[in-house]
Every structure is written in C-alpha cells, then in structure tokens.
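S.K.:
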Amino acid sequence: MDKKIEIAISNTGKKLTKIKIRVGVFGDEQLSMSILDKIKAGL
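Have a look at this one:
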C-alpha cells in the first residue's frame, strides 16, 4: 500500500525553518523521523 507523504517548509525567522512531515492519514512517526534525518543529512 502506498502512503501519501506531505512535507511543508516555512520560514519562522532569521536562520530558522519549520518542517512539517505527514505520512498517511494517521501519521507514521518512525517514517517521519527517517525522512527528517535524511533532510538533515543533506544540509
């Protein structure tokens, strides 16, 4: 089963960015954290 993944990025101030990750209808914290870790690795 495929899960819809939504990533929202917004600027919340100088040198501050807010990232929201939503996986599926009810969320999947483990997968969300894995995605966040991959985003951090690319910074």
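Throughout the sequence shown, residue numbering follows our numbering, covering 1 to 43 in sequence.
In this text, a Cβ means the ideal position worked out from N, Cα and C, and glycines have one as well.
Fair warning: this is a prediction, and the values are worked out from it, not measured in the lab.
1) Output the distance between the C-alpha atoms of A8 and I35, rounded to the nearest integer angstrom.
2) Do K18 and T12 have their C-beta atoms closer together than 7 Å?
3) What number of angstroms, rounded off, separates the C-alpha of Q30 from the C-alpha of G42?
4) Expressed to the nearest angstrom, what Euclidean distance is found between the alpha-carbon atoms of V25 and K38?
M.R.: By the coordinates alone:
1) 13 Å
2) yes
3) 19 Å
4) 22 Å
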